[in-house]
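Structure, as structure tokens:
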Amino acid sequence: MVRVHSAGSVHEAHFLLHQLDSAGIRAHVFNNFAAGAIGEIPPSEGLPAIWLEDEADRERALAVIEAHEWRAAPGEKIATIYCGECSEAVPENFGICWNCGALLGGEDKAPG
Ligand SMILES: [Zn+2]
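In the numbering used here, the protein residues as written are 1467 to 1578.
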């Protein structure tokens, strides 16, 4: 088990869990402490965290989480491109498709 992300809320944690599940990544949400302990501990310690069953899924999971955070931040002006392999919408600043892992970036520019 490896922790990849601290969610801002239980709602966010379960949304991310669903996104990860859709991507075929086995993950769980755990609180570091029981809910009753909130108030006696730093808030960040009481928030839910996303844990992966398999550490090998870590990079893919982080890409899924980043994609969610990008969607949740409409103030950021990042263009959307579409994966040529699976047609998933992916932020332009991603190097690979978070859904299928295909390389992105459009046409190659010939050097010189
Ligand atoms: Zn793709």
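The C-beta atom is built at its ideal place from N, Cα and C for all residues, glycine as well. Keep in mind it's a predicted model, so treat the numbers as computed, not measured.
Chain-order list of residues whose beta-carbon lies under 6 Å from that of residue i (same chain, five-residue window excluded)
i	result
ALA1545	GLU1558
CYS1529	The sequence shown places Ala at residue 1529, not Cys. Once the five neighbours on either side are set aside, the close Cβ partners of ALA1529 are TRP1564.
Within 9 Å, strictly: CB atoms of residue i and residue j
i	j	result
ALA1555	ILE1562	no
ALA1479	ASP1487	no
Buried versus exposed, by CB contacts within 10 Å (16 or more), residue i
i	result
CYS1549	buried
ALA1522	exposed
ARG1526	buried
HIS1477	exposed
Residues near residue i in its chain [Cβ-Cβ closer than 7 Å; skip 5 each side]
i	result
LEU1570	ILE1547, CYS1549, VAL1556, PHE1560, GLY1561, ILE1562 and CYS1563
ARG1524	VAL1468, VAL1470 and LEU1518
Same chain, Cβ closer than 8 Å to residue i, neighbours up to 5 away in sequence not counted
i	result
LEU1483	ALA1493, HIS1494, VAL1495 and ILE1516
GLY1474	LEU1513
GLY1567	ARG1526
Is there contact between the segment 1563–1570 and the segment 1514–1524, where contact requires at least three CB pairs shorter than 8 Å?
no
Specify which residues have a beta carbon nearer than 6 Å to any heavy atom of ligand 1, listing them in chain order.
Any residue whose Cβ sits closer than 6 Å to a heavy atom of ligand 1 makes the list: CYS1549, GLU1551, CYS1552, GLU1554, CYS1563, ASN1565, CYS1566 and ALA1568.
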